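Quick note, in our numbering, the sequence shown goes up one by one and the last residue is 559.
Cβ coordinates follow ideal geometry from the N, Cα and C atoms, glycine included.
Bear in mind the structure is a predicted one, so any value in this text is a computation, not a measurement.
Notes for the one structure printed next.
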Amino acid sequence: MAALKVLIIGGYGTFGGRLVRLLMDEADLHIVVAGRSSAQAEQFATRTSGRATVTAARLDRQGDLESTYAAIAPDLVIDASGPFQAYGDDPYRVVRAALAAGASYLDLADDADFVLGITDLDHDAKRAGRYALSGVSTCPALTGAIYRRITRDFGEVQSVTGGIAPSPYAGVGPSVIRAIASYAGKGITVLTNGKCATGYSFIDTRRFTVAPAGGVPLRSLKFSLVDVPDLRLLGQIEPTPASVWFGAAPVPTLYHAAFRLLARVVRRGFVSTLAPLAPVMHFVMQHFSWGEHRGGMFLECAGRDPAGLPRRRSWHLVAEGSIGPLTPTLACVAIVRAALAGAPPAPGARPAHAALELEDFEPLLARLGCVTSERELPSPSGWPLFRRLLGSAWRSLPQGIAKAHECTDRITLRGRATIVRGRSLVARAVAWICGFPLSAEHVPVTVEMLARDGEEVWRRDFDGHRFTSVLSEGSGAWSSLLVERFGPFRFGIALVLEDDKLRYVVRRWSFAGLPMPAALRPRGTTFESLEDRRFRFDVEIRLPLVGHVVTYRGWLAAQ
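Written out as structure tokens, the structure is:
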């Protein structure tokens, strides 16, 4: 006999299916996958295996819910279908029927009106001794937990800015597209300087770089204002922010730009809604996408500490591949597991923004392989360049590597290196332009690092062959990147801490001030490590269509 029977409405859909898969390792769980299509529910249940028990049922939210609930007898009902904006004149019909049947209720709603309106059922939920939480998803359950974490020592919060950047291959469901299309270009209530104001969805934009410390950042993206519960709910959390803004950055950026243009058509009154275009938009995004298969989110708070000093802190998440689309279901996973452990939420009906703390999410995020971190801005003025860029990841850097980058005035390192130059004519031309040394083995090498005005000048001497580069902290589209200049070339490099190595990953580049295509950016494996207590470097530069340009590797010691 299962300890908890959970009915998941839309359990074979986009988000419901992901939720089921994340719960399949719970042996004391009986999951009933339900929806209007009993055939789809049966098919999904048949091909899903794990420790949990999975069965199928048919459920029509407009039908006889009382009889359906009586036949299934669930302990918990989770609505993972939507769009919640389209639930009609009686949007809480499913919730009331669940409470009447003696079941608790969760949903993945992102519609602000629906999430806030569930408080009307608070009396019914408490009388039944059950809980009914709405918005048990990224917004507002995870974002609320993040907000409380990063404002833990703030005395005053002046602004909150957040955003979600899904992978172009995230498989966004049709209900999400319909919801966005329904309000694109329309006015949204936002909190600005302590007062309610009107913003316009997918017209108001802000640029941000999602960059967890020690990880590979996303590209600098433009986020468009979206209607999420956080716009109103974060204003109810202490310390109360004066301004709240939240956006989304769909990719490919070409689609995002086209959607913003269509939103302006709605704003100007030429059409009343983009909802009729939702099926076409969904088809195009499902079948004609390109770009990196990675996504992320951020939340940034600006304010003052109790002493009145300025503070700015942000929380970042990057998820690789198909991991990102799982994050909206993690809040439900955490609550189900807490219920299995005998610690369910308290009875009552309310939004989920205060249901969980970040500590409840962190093991789930780590298990999925998400890279998360906080960043504090501005960094203390005395910090060296690499420490400013690595932020909290600096503490995890092996001491020998950190010591080589603690340049606040001048550092001189000496050692030996082996250089191998590319053989093609183009490779030799690129190496000559950048000043790379000629091929040689076990040559003496000296690296002098000179800090000046927040930058570092690196002067390298390979047995008399000298070349220099200038390193600085990127800004704008190059934000959170180490910018290195070799002659007319400029490279934006992510500093990535991985397996006790500091890896250099090129994310952007330009030539003579002109941005160059990402597809042609330099490749190769470049890292610093410790071996036999020596600081070692391994630099490999390859170019698409050109091939190997130069490799130089060796060891260095402080003088």
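At the level of alpha carbons, what is the spacing between isoleucine 177 and glycine 171? Taking the sequence shown and counting its residues from 1, one reaches residue 177 at position 177. Taking the sequence shown and counting its residues from 1, one reaches residue 171 at position 171. Their backbone Cα atoms lie some 11 Å apart in a straight line.
Which residues bound the beta strand (DSSP E) around lysine 195? Translated into positions along the sequence shown, residue 195 becomes position 195. Counting along the chain, the beta strand (DSSP E) containing lysine 195 begins and ends at 195-200.
Given a threshold of 16 other Cβ atoms within 10 Å of its Cβ, counted over all protein chains shown, does isoleucine 433 qualify as buried or as exposed? Walking along the sequence shown from the start, residue 433 turns up at place 433. Result: exposed.
Which word fits lysine 5, buried or exposed, when buried means at least 16 other C-beta atoms lie within 10 angstroms of its C-beta? Residue numbering aside, residue 5 sits at position 5 when the sequence shown is read from its first letter. Per the 10 Å Cβ criterion, buried.
Drop a sphere of 10 angstroms on the beta-carbon of glutamate 196, count the other beta-carbons inside from all chains shown, and report buried for 16 or more, exposed for fewer. Taking the first residue of the sequence shown as position 1, residue 196 is located at position 196. The sequence shown places cysteine at residue 196, rather than the glutamate named in the question. With fewer than 16 other Cβ atoms within 10 Å, it is exposed.
Please return the same chain residues whose Cβ sits closer than 7 Å to the Cβ of serine 510, not counting the five positions on each side in sequence. Counting from one through the sequence shown, the residue named residue 510 turns up at place 510. Here the set comprises Arg490, Met516.
Is the beta carbon of valine 549 sitting closer than 7 Å to the one on valine 430? As a working note, residue 549 is residue 549 in the sequence shown. As a working note, residue 430 is residue 430 in the sequence shown. Cβ atoms of valine 549 and valine 430: closer than 7 Å.
Residues near leucine 358 in its chain [Cβ-Cβ closer than 7 Å; skip 5 each side]: Against the sequence shown, residue 358 aligns to sequence position 358. Ala145, Ile146, Arg149.
Run through DSSP, which three-state label would tryptophan 432 get? Counting from one through the sequence shown, the residue named residue 432 turns up at place 432. If DSSP states are grouped into helix, strand and coil, tryptophan 432 belongs with the helices.
For alanine 334, which residues in the same chain have their Cβ closer than 8 Å to its Cβ, ignoring the five residues on either side in sequence? What you label residue 334 is simply residue 334 of the sequence shown in a count that begins at 1. Leu356, Asp360, Phe361, Leu364, listed in sequence order.
Alpha carbon to alpha carbon, what distance is there between glycine 492 and leucine 543? Stepping through the sequence shown from its first residue, residue 543 is reached at position 543. Stepping through the sequence shown from its first residue, residue 492 is reached at position 492. About 15 Å.
Flag this pair as touching only if the segment 113-122 and the segment 327-345 have three or more C-beta atom pairs under 8 Å; answer yes or no. Here the segment 113-122 does not lie against the segment 327-345, with fewer than 3 beta-carbon pairs under 8 Å apart.
Cβ-based neighbour list, aspartate 538, same chain, cut-off 6 Å, excluding 5 preceding and 5 following: If you number the sequence shown from 1, residue 538 lands on position 538. Contacts found: Phe527, Arg553.
Tell me whether alanine 56 sits in a helix, a strand or coil according to DSSP, three-state version. What you label residue 56 is simply residue 56 of the sequence shown in a count that begins at 1. Note: alanine 56 maps to strand in three-state DSSP.
If you measure between the beta carbons of arginine 154 and arginine 311, is that distance less than 7 Å? Reading the sequence shown from its first residue, position 154 is the one you call residue 154. Reading the sequence shown from its first residue, position 311 is the one you call residue 311. According to the sequence as given, residue 154 is phenylalanine; it is not arginine. Yes, Cβ-Cβ distance for phenylalanine 154 and arginine 311 is below 7 Å.
Taking Cβ positions, are proline 91 and proline 229 nearer each other than 7 Å? Residue 91 sits at position 91 when you count from the first residue of the sequence shown. Residue 229 sits at position 229 when you count from the first residue of the sequence shown. No, the pair does not count as a contact, with Cβ atoms beyond the cut-off.
Cβ-Cβ distance between phenylalanine 562 and valine 210 below 7 Å: Because residue 562 is not part of the residues shown, which for the chain are 1 to 559, the question remains open.
So, at 6 Å on beta carbons, what are the nonlocal neighbours of glycine 17 in its own chain, with the 5 sequence-adjacent residues on each side left out? Position 17 of the sequence shown, counted from the first residue, corresponds to residue 17. Excluding residues up to 5 positions away in sequence, nothing lies with its Cβ nearer than 6 Å to the Cβ of glycine 17 in the same chain.
With distance defined between alpha-carbon atoms, name the residue in Ala494, Pro380, Ala341, Arg507 nearest to proline 3. Mapped onto the sequence shown, residue 3 falls at position 3. Per the sequence shown, the amino acid found at residue 3 is alanine instead of proline. Considering only alpha carbons, the answer is Ala341.
Within a Cβ cutoff of 6 Å, which residues of the same chain sit near methionine 1, ignoring the five residues on either side of it in sequence? Here residue 1 refers to the residue found at position 1 when the sequence shown is read from its first residue. Its pLDDT being 43, under 50, methionine 1 is placed unreliably in this model, and the coordinates cannot settle the point.
Using DSSP bridges, identify the partner residues of arginine 503. One-based indexing of the sequence shown puts residue 503 at position 503. Arginine 503 pairs with Val496, Phe527.
Tell me which same chain residues have a C-beta within less than 6 Å of the C-beta of lysine 222, skipping the five on either side of it? Numbered from its first residue, the sequence shown carries residue 222 at position 222. Around lysine 222: Thr205, Arg207.
Glycine 580 versus glutamate 540 - alpha carbon distance: For the chain, the structure presents residues 1 to 559; residue 580 sits outside this window and is missing.
Classify histidine 548 as helix, strand or coil using the three-state DSSP reduction. As a working mapping, residue 548 is identified with position 548 in the sequence shown. Strand, per DSSP.
Should the segment 25-34 be called in touch with the segment 90-106, which here means at least 3 C-beta pairs below 8 Å? no
Where in the segment 53-129 do unbroken runs of the alpha helix (DSSP H), each at least 4 residues long, occur, reported from the N-terminal end onward? Runs of the alpha helix (DSSP H) lying entirely within the segment 53-129 and spanning at least 4 residues, in chain order: 65-72, 93-100, 112-117, 122-128.
Contiguous beta strand (DSSP E) assignments of at least 3 residues, all confined to the segment 267-346: 294-304, 310-320
Would you kindly work out how many angstroms separate the C-alpha atoms of threonine 372 and threonine 119, rounded to a whole number? Numbered from 1 along the sequence shown, position 372 holds the residue referred to as residue 372. Numbered from 1 along the sequence shown, position 119 holds the residue referred to as residue 119. Cα-Cα distance, rounded: 32 Å.
Does any residue of chain C have a CB that is nearer than 7 Å to the CB of leucine 99? No chain C appears in the structure shown, which is made up of a single protein chain.
Where does isoleucine 237 fall in DSSP's three states? Looking up residue 237 in the sequence shown gives position 237. Here isoleucine 237 sits in coil by DSSP.
Which complete alpha helix (DSSP H) runs does the segment 134-210 hold, if anything under 4 residues is left out? Whole alpha helix (DSSP H) segments, 4+ residues: 143-150, 174-183.
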